[in-house]
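Have a look at the structure below, then the notes.
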Amino acid sequence: MHELAYNLFIVIALYGLPLLIITTSYSLILCKISKKSRQSRKEMCNLEDDFRPNMEVGLRRSALGNIERARIRTLKMTFVIVGAFILCWTPYFVMSAWYWFDSASATKIDPKIQRGLFLFAVSNSCINPIVYAVGSQAVSSARTTRLDGFNIIKVLAQAAEVQGRREML
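Set out below in structure tokens:
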């Protein structure tokens, strides 16, 4: 009984809670960007209705397009990050749950497969930087170049450097 309660706690703490936090965080970011997009659209409509030649224009159409692109990029990134987390961790937790409820049949699975599922789960931490780099603008602009061998490492390093400069601002 105590072992099952402990295992349930582990599943919630290592799978459910991080999934909830990741999904909530990205959803809040997306809501903030969508709100900013609606405000910008409303300001543009008001400016076009009340346009006076000497009036200072605060927001250009290109800024509105940038916000919309950021919203779409964030939405895609959210699906990829959450999907990668689910894809990497679910097989491990399914195997674990199988072991918790029917350890006799679960122990018949090859230990190499069990270790492989665990390695696949923790590989999620390695996948995230690649997802962020591919989703960043630095890599997007470099996609036209050839990405093989050491060239991809160079592009990922440049993307991380650009992302670091953005965060400092």
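The sequence shown begins at 6 in our numbering and counts up by one.
Even glycine gets a Cβ: it sits at the ideal position worked out from N, Cα and C.
query	result
To the nearest angstrom, how far is the alpha carbon of residue 136 from that of residue 17?	25 angstroms
Taking the alpha carbon of residue 95 as the point to measure from, which residue in 19, 7, 10, 105 has its own alpha carbon closest?	19
Leaving aside the five residues before and after residue 91 along the sequence, list all residues of the same chain whose C-beta is less than 8 angstroms from its C-beta, in chain order.	24
Use the C-beta contact count for residue 101: other C-beta atoms within 10 angstroms, 16 or more gives buried, fewer gives exposed.	buried
Is it buried or exposed for residue 97, if we count other Cβ within 10 angstroms and need 16 for buried?	buried
Between residue 28 and residue 128, what straight-line distance do the alpha-carbon atoms span, to the nearest angstrom?	19 angstroms
Round the Cβ separation of residue 31 and residue 86 to the nearest angstrom and send it over; I've been treating them as touching at under 8 angstroms.	7 angstroms
How about residue 78 and residue 42: do their beta carbons lie closer than 8 angstroms?	no
For residue 38, which residues from the same chain have a beta carbon less than 7 angstroms from its beta carbon, with the 5 sequence-adjacent residues on both sides left out?	72, 75, 76, 79
To which residues of the same chain is residue 61 closer than 6 angstroms at the C-beta, ignoring the five residues directly before and after it?	Legend: pLDDT at residue 61 = 49, less than 50; position of this residue unreliable, no value from coordinates given.
Quick one: measure Cβ to Cβ for residue 9 and residue 105, integer angstroms, because I've assumed they're closer than 8 angstroms.	6 angstroms
May I ask you to report which of helix, strand or coil DSSP gives residue 151?	Note that residue 151 scores 49 on pLDDT, short of 50, meaning its location in the model is unreliable and no value can be drawn from it.
Using the Cβ count rule (16 or more neighbours within 10 Å means buried), how would you classify residue 50?	exposed
Measuring straight from C-alpha to C-alpha, what distance separates residue 83 and residue 141?	13 angstroms
Would you mind stating whether residue 132 and residue 89 have Cβ atoms separated by less than 8 angstroms?	yes
Kindly list the residues whose CB is nearer than 8 angstroms to the CB of residue 119, restricted to its own chain and excluding five residues on each side of it in sequence; keep chain order.	100
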